[in-house]
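Please read the structure below before turning to the comments.
In the working numbering, the protein residues as written are 35 to 393.
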C-alpha cells in the first residue's frame with residue numbers, strides 16, 4: 035500500500051494533471067491501495083483567486099482518487115475546518131466511491147473512533163489519524179457545525195493501539211499524524227519518544243506530515259518512522275490568489291510504499307516544479323530506508339543525543355519552544371500557551387501583508 039502526504043487540488047485542471055501523473059507513473063502506483071491526507075474539504079464554489087485563508091479540494095479529485103484505488107482519506111489537519119459546512123458533502127462524495135475517512139467526527143452522530151480498518155493482502159489494517167492541537171489554534175474545535183478534528187492525545191492513542199494489537203495480534207497498525215511547524219526540517223524530541231512508544235506497543239508504521247517538507251526517517255525495532263513526508267500534490271503559487279508559495283528546497287516529497295506482509299518499506303521520491311498551472315510533479319528515485327543519507331536518518335541517536343541535535347539543527351529557532359516530552363505537564367502547557375499567542379500575532383501580520391504565509 036502507498037501513503038501520500040498533503041493533497042490539495044484546487045480545480046478540474048489540476049485534477050486532470052494529477053490523473054496524468056498517475057498514468058505516467060503507473061508502474062509505481064497501479065493496483066496498490068492508497069492513503070492520502072486530504073488537505074481541505076471539497077468545494078466547487080471556492081476559487082484559487084480567493085484571498086481568504088482557505089485550502090480546499092475540487093470535487094473532481096474524488097474520481098481521480100477512486101480510479102486509483104484509494105482506500106482512505108485522512109481529515110485530521112488544520113484545513114478541514116476552513117469550510118466545515120462542506121463536511122457532509124465531502125464525506126458523502128467519498129463514501130459514494132467507497133473511500134473511507136478518518137481523523138474527524140461529527141458530534142451529532144455516534145462516530146467517535148480515531149481509527150479506521152479494512153482488509154488488505156489477507157491482513158486487517160488499522161489506521162489512526164490525528165492532528166497536533168496547536169495547529170487548530172485559529173479555529174473552533176469542534177466547529178459550530180459539530181465537526182471535531184481528532185487531536186493528538188498521546189497516552190490515549192498508546193492505550194488504544196495496545197488494546198487493538200492485543201485483540202488482533204496479526205493485524206497491521208499504522209499511525210498517521212499531522213504535526214510539526216510549517217517548514218520545520220526536524221521532528222520534536224517528543225515526537226520521537228512518542229513514536230518509539232507506539233512501536234513498543236505494536237504499531238507497525240508511523241508517518242507524519244504538515245511541515246510541507248521532508249523530515250528524517252528512522253528504523254526502530256525493525257519498524258519504520260517517517261516523521262515528515264512533505265506535500266504530495268499541492269500546486270505552488272496557486273491558493274489565496276498565488277500567496278501560498280513554498281520555497282524551492284521544500285518542493286521534494288516522499289511516498290511511502292509499505293509492504294503489509296513484510297512490514298518493509300520503499301520510499302518513492304518526487305519533486306514539484308513550476309507554479310500554478312505550470313506546476314508538475316516529477317519522479318526522482320526510489321530507495322529503501324537503509325539508503326537514506328546520514329543527516330536524514332535518526333536511528334543512531336539516543337534520546338539525549340537527539341535532543342541536543344535538534345536544538346542545534348532545527349530550522350525554526352527564533353523564540354520557539356522545544357517539546358522534549360509528550361506528557362501534558364505544566365512546562366508543556368506553558369510552552370503551548372505561548373505558542374498560541376505567538377501564532378495569532380504571526381497570522382495577523384500575514385493578513386496585513388507584513389509577513390509571508392510560509393517562512
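Don't be surprised by glycine CBs; every beta carbon is placed ideally from N, CA and C.
Note that the structure is predicted; figures quoted are calculated from it, not measured.
- Residue pairing from DSSP places residue 104 in a beta bridge opposite 68.
- Only exposed fits residue 130, as fewer than 16 other CB atoms lie within 10 angstroms of its CB.
- Rounded to whole angstroms, residue 206 and residue 255 show a C-alpha spacing of 15 Å.
- Under DSSP, residue 183 shares a beta bridge with 138.
- DSSP links residue 36 through a beta bridge to 68 and 291.
- With respect to the 8 Å criterion, residue 215 and residue 42 are not classified as neighbours on the basis of their beta carbons.
- Assignment of residue 353 by DSSP, reduced to helix, strand and coil, places it in the coil class.
- Under the three-state reduction of DSSP, residue 306 is assigned to strand.
- Beta-bridge annotation (DSSP): residue 242 is paired with 211.
- For the options 65, 44 and 126, the alpha carbon positioned closest to that of residue 88 is the one of 44.
- One alpha carbon belongs to residue 307, the other to residue 274, and they sit about 19 Å apart.
- Bounds of the alpha helix (DSSP H) holding residue 375 are 364-385.
- By the 16-neighbour rule on beta-carbons within 10 angstroms, residue 372 is exposed.
- Under the 10 Å beta carbon count, residue 209 is surrounded by 16 or more other beta carbons and is classified as buried.
- Here the alpha carbons of residue 305 and residue 378 stand approximately 31 Å from one another.
- With fewer than 16 other CB atoms across the displayed protein chains lying within 10 angstroms of its CB, residue 388 is exposed.
- In this structure, the CA atom of residue 165 is about 22 Å from the CA atom of residue 35.
- Collapsing the DSSP output to three states places residue 154 in a strand.
- Straight across, the Cα-Cα distance linking residue 155 with residue 69 is about 15 Å.
- If you draw a straight line from the Cα of residue 202 to the Cα of residue 248, it is about 32 Å long.
- Under DSSP, no beta-bridge partner is assigned to residue 247.
- When C-beta atoms of the stretch 102-114 are compared with those of the stretch 179-193, three or more pairs fall below 8 Å, so the two segments count as touching.
- Assigned with DSSP and collapsed to three states, residue 192 falls in helix.
- With fewer than 16 neighbouring CB atoms inside 10 Å of its own CB, residue 386 falls in the exposed class.
- Assigned with DSSP and collapsed to three states, residue 332 falls in coil, not helix or strand.
- Boundaries of the alpha helix (DSSP H) harbouring residue 346: 337-347, taken from the DSSP string.
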